[in-house]
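Below: the structure, in structure tokens.
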Amino acid sequence: MARAHSPRTEPPSGADARVGHGQVVLRTPEDAGPPPADEHLTHLYLLTDPALSELGLDALFDEILTRIRDILGVDTVAVLLADPERGELVARAAKGLEAEVEAGVRVPIGRGFAGRIAVERAPIFIPDIADADVVNPILREIGLRSMLGVPLIAEAQLLGVLHVGSLTPRTFSREDAALLQLAAARVAPGIERARLFDALEREHRAAVALQRSLLPDSLPQLVDVVAAVRYLPARDEVGGDWYDVFPLPDDHVGIAIGDVVGHGVRAAAVMAQLRTTLRAYALDGHSPAGVLERLDRLLQLTHRNGMATVVYAVLDPETNRLTLCSAGHPPPLITGPDGPRFVELPIVPPLGARAHPSYEGTEVVLDAGETVLLYTDGLVEVRGEPLGEGLARLAAASEGDPAPEALCARVLERLLGALPADDDVALVALAPLEIGETLVLRLPAERSMLGPMRRQLRSWLRSHGAGEAATVAIVLAAGEACANAIEHAYGLKAAGFELHARQVGPDVEIVVRDAGRWRAPRENTHRGRGLTIMEATMDAVDVERTPTGTTVRMRRRLEDAP
Amino acid sequence: MSAAEVTWEDEGPVALARVRGEIDMSNADGVRLTLERRLGGQGAGAVLDLSEVRYLDSTGIHLLFQLADRMAGRGQRLRIVVTAGSVVEDTLRYAGVLAAIPTAGTVAEARAALTHTAD
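Top line first, the protein sequences correspond to chains A and B.
In this text, residue positions in the first sequence follow our numbering: the first is 1, and each later residue adds one.
In this text, residue positions in the second sequence follow our numbering: the first is 563, and each later residue adds one.
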């Protein structure tokens, strides 16, 4: 586009004019009258062109700033947007002053050229920058002499400032100011729209972050079971799906999955409350039915229109008995060597549905190699299709390796592929730890791990034909070795230890390894007794200490002496 | 945390405390404090029944010694009930302390031992 005006280089003179309110200095030079009418119309058209409304904010700035520069024959055009929280204007777009944007220039509202325009909400003309209060050093550095600026206002709210500048001293006419105000009026709604959109985006991001922070990012250390979880957010909404896996007293394990009806921050907040409360009731020792009954009551009291579906299940790893209770949730799936089956649970409405149903637990036993899978409806539901078809697809997809990690990965891949889903999806899979040829336990160096370690070792020993006396002796020795490993780790962050058990001919070999320093036990202390116990219970004990850790290797016959 | 439950019977001059469950490094201090608080200053002695303890490790054995010392310091005596052939008995034997701890096979024997010698 060609320049419509040649730069005016006349020195400012006479004829002050007030536009709007505030200390507005607009000088109309006597010899620079309004542009010819047709040219003026062209300018008006260029700044009100309907095509501009189709542009996104960046493209709109780019186009309209270029047009302003050409129409007014100026060297620079810049837009600064208000940041009300910090009380500043931030350079957002510019022509000829790109450095200002790149530097992220911030000007306090109320100070300097742009700052005053923002406060007074009126155009300001500076004939010569040398005599003016200009905060932004870039304006001086690039050698601007004269400037004109107008406020950007929409719905009575100050959005920012639009200003033009000239490298040579010049004046701006009232028409120039009017054109700049017209341009400002043109971009303001675009800014307003973009702001609303940004605010929505921010809320969305906040809700996503909130939801993420509410889902456990790592699973608790569970010794007797293997668990896997997945959460897939929806493509463009924050869902209310959640899962939880937590240890209970008596070494039982609780797993839960739920789906809060609705989306956004509200659903995420309800989800957070349900998840925390479910845990609290569960840790108080309530049965799955008791927990759901209380959650239902809570939801009705605190979230009048809140509804949520939930499955809560408790596994006893000693008996592999699983007690489940559901409120309006799709049926859990059990899969293993005999193929998949859905757990039939009584049909009960969702929590908060104001039905006051009676909840009842259902017991099933997980056979060797079986995994229970809890999921949310996003995994199986396709709009317009009966739920049965989705369930059939899930059953088919579950066939294969039933190990929890493999199962979750396979089911998601087969049912959802690589596409982001419309709805969010949560999965929890849980299986009792299978007894293998060798037992390998990798545990955090925490005292609470001793009990589950013993239970795991006892079952492994029994399944390998260990006699009663041998089991007592080996578990006792392993317990002492593991207690030492936990003490060695004292003061080390996130330390762990390992216990390996394997059969070597008629013997069992136990290896306990840690990354801490061996501390010589004192005579007649419990740790001195620990070594005595290991030596008394096992046929051979070898303690290997290196700078990087301690390894205790022990052997004993599996069968009891006749 | 391993689970151990402590219950009480206060009959006559000899208090009786029963521990059920498992005692290891994760709960030995808690069990010891519970026992000390309750047994402290009561009567001439106390019986600690471990016949329902399914597991006891070296920290559990240490607990027994600490408790006995503490009570001896107050002029009280402690008798520990250990069932013959039990895991606790095996453990005390493996640790080489079975002879060093005053045990009895049943609560009645323990009570009798305490009241008899207290006379």
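From the three backbone atoms N, C-alpha and C, an ideal C-beta is built for every residue, glycine too.
query                                                                                                                        : result
Beta-carbon neighbours of G658/B, restricted to chain A and to distances below 9 Å                                           : R529, T532, I533 and A536
Opposing strand residues paired with H568/A [DSSP bridges]                                                                   : What the structure shows of chain A is the stretch from 1 to 562, and residue 568/A is not part of that stretch, so it cannot be assessed.
Coarse secondary structure for R636/B, derived from DSSP in three states                                                     : coil
Which of helix, strand or coil DSSP assigns to M587/B                                                                        : coil
Own chain, CB closer than 6 Å to Y281/A, minus 5 neighbours either side, in chain order                                      : V291 and R294
Nearest-angstrom Cα separation, counted from L450/A out to C482/A                                                            : 7 Å
For Y617/B: DSSP bridge partner residues                                                                                     : E584/B
S511/B: contacting residues in chain A (beta-carbon distance under 9 Å)                                                      : Since the displayed chain B opens at 563 and closes at 681, residue 511/B lies outside it and no answer follows.
Beta-bridge pairing of L563/A - partner residues as DSSP gives them                                                          : No statement about residue 563/A is possible, as the shown extent of chain A runs from 1 to 562 and does not include it.
Own chain residues within Cβ distance below 6 Å of P346/A, not counting five before or after                                 : E360
Residues from the region 580-591 of chain B in contact with chain A, defined by Cβ distance under 7 Å                        : E584, D586, M587 and S588
Residue range of the alpha helix (DSSP H) that includes F113/A                                                               : G112 to E120
Any chain B beta carbon closer than 8 Å to G451/A                                                                            : yes
Touching by the beta-carbon criterion (3+ pairs, under 8 Å), the region 421-436 of chain A and the region 225-241 of chain A : yes
For R354/A, the first and last residue of its enclosing beta strand (DSSP E)                                                 : Segment: none, R354/A is in no beta strand (DSSP E) and carries neither H nor E.
Distance between V382/A and R414/A (C-alpha atoms, nearest Å)                                                                : 14 Å
DSSP-derived helix/strand/coil call for P247/A                                                                               : strand
Alpha helix (DSSP H) runs wholly inside the region 377-449 of chain A, at least 4 long, in chain order                       : 387-398 and 404-416
Collapsed DSSP secondary structure at H500/A in the structure displayed                                                      : strand
Among D572/B, E598/B, V593/B and T653/B, the one whose alpha carbon lies nearest that of A566/B                              : V593/B
Same chain, Cβ closer than 7 Å to L626/B, neighbours up to 5 away in sequence not counted                                    : I642 and I663
C-beta neighbour in chain A for T665/B, strict 8 Å                                                                           : no
Presumed contact (8 Å Cβ cut-off) between H204/A and A78/A, rounded CB distance                                              : That pair is no contact at about 30 Å.
Residues bridged to A308/A (per DSSP)                                                                                        : V260/A and L351/A
Inter-residue spacing [alpha-carbon to alpha-carbon] between R454/A and V475/A                                               : 6 Å
E487/A - containing alpha helix (DSSP H), residue span                                                                       : E468 to H488
Inter-residue Cα distance where the pair is M538/A and T438/A                                                                : 19 Å
Enclosing alpha helix (DSSP H) for T551/A [first to last residue]                                                            : Unbroken run through T551/A is the beta strand (DSSP E), G549 to R557; no alpha helix (DSSP H).
Cβ of A565/B within 8 Å of any chain A Cβ                                                                                    : yes
Beta-carbon proximity of G328/A to V314/A, cut-off 8 Å                                                                       : no
For R86/A, three-class secondary structure by DSSP                                                                           : coil
Any chain A beta carbon closer than 8 Å to I642/B                                                                            : no
Alpha carbon of A403/A to alpha carbon of E535/A, nearest angstrom                                                           : 38 Å
Cβ pair E446/A, I510/A closer than 8 Å                                                                                       : no
Nearest residue (CA-CA) to R304/A, options L351/A, L210/A and M554/A                                                         : L351/A
C-beta atoms of H488/A and V440/A nearer than 8 Å                                                                            : no
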